[in-house]
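Working notes, structure below.
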Amino acid sequence: MKIEIKNTLAREKWLLAVLIAGVFLILPVVVLAQNGCALDSDGDGVVDCEDACPNQSGPPSNNGCPLPICGNGIPEAGEQCDNGGANGSCPATCSNSCTINNCQPPQACGNGVVQAGEVQAGEQCDNGGANGSCPATCSNSCTINNCQPPPPPVPHGCDAQGLWPIVPQNCPEYGWPQLVLLGQRLINFMIALAIPLSAVAFAWAGFIYITAAGSEEKIKRAHSIFWKVAIGFLLVLGAWLIVFTITQFLAPGFSILQGN
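Residue numbering for the sequence shown is 12 to 271, as defined by this note's numbering.
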């Protein structure tokens, strides 16, 4: 009977020892697991948060584990990335909040792409293949072209052509101004032709007069040429003045010389 009691006490002591040992072995594991910790990993024989919370170097939290620090160069819990001093905005791959940057490729003038609805710094516009000189609104350097509107077309029948062209103003397509325009062009042509012919005729009359050597016939001939040329030139000039006066009175929108 005494032997059985001793055996029972021995078994109870053994079971109690096993239970106590189990509590001391299992309880730290459960507590550390709740804190995000694991078993001893650094080989110091102590199960602590230095083993259980790898890559966390911040101050301890309420559960005893250090909080993660963004910017220490160590990717920690809750961080997508951590490049330390290389963190920042694009083109850095990791932001200052330790999240991955979604960097778009850099824009180039002429690709016609505007990132995130905003024009790239340094560009005023970008229409891709439509960039160019006026009338394109955007230049090849992605700046806005300052295109002036094209001049209005010259009305049909009022284009300035011929010798000493007439410049019409407010010229209708048909009617009286076209008749005045034709008369002015004819007079302009006669003036332009009379000037060189008069110069040649005066020179010829002068040559005859100089070489007359006292010959009355040659002198009379030279005088005749001179007066005929002078009278003809004066007639043409007078006709030009008459047409000019009539034009200014009846059609003041016209002028004789370009730019007047």
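For every residue, glycine included, the Cβ atom is placed at its ideal position computed from N, Cα and C.
Minimum C-alpha distance to residue i - residue among the options
i, options, result
"S235", "Q195, G249, V254, F213", "F213"
"I193", "N122, S100, V254", "Looking at the sequence itself, residue 193 is Leu, so the reference to Ile does not match. It is V254 whose Cα lies nearest to the Cα of L193."
"E134", "C145, N151, E90, F237", "N151"
"T154", "P162, C120, G95", "C120"
"P102", "A203, L246, P207, N113", "N113"
"G82", "C109, N156, Q91, S209", "C109"
"L208", "A241, G225, I221", "A241"
Residue i, DSSP secondary structure in three states
i, result
"I111", "strand"
"I155", "strand"
Any C-beta of chain D under 9 Å from that of residue i
i, result
"N94", "In the structure shown, chain D cannot be found, because there is only a single protein chain."
Own chain residues within Cβ distance below 6 Å of residue i, not counting five before or after
i, result
"I257", "none"
"K229", "I219, A223"
"C158", "C145, P146"
"G140", "none"
Proximal residues to residue i (C-beta, below 7 Å), its chain only, five neighbours per side dropped
i, result
"P162", "none"
"E90", "P79, C81, C109"
"P160", "none"
Cβ-Cβ separation, residue j to residue i (assumed contact under 8 Å), whole Å
i, j, result
"A203", "F244", "Rounded, the Cβ-Cβ distance is 12 Å, inconsistent with contact."
"N1", "D137", "The question about residue 1 has no answer, for the chain in this structure spans 12 to 271."
Sequence-distant residues of its chain with Cβ nearer than 8 Å to residue i (five each side left out)
i, result
"W238", "none"
Would you check if there are 3 or more beta carbon pairs closer than 8 Å linking the segment 192–209 to the segment 249–259?
yes
Is the number of C-beta pairs between the segment 202–218 and the segment 226–240 that are closer than 8 Å three or more?
yes
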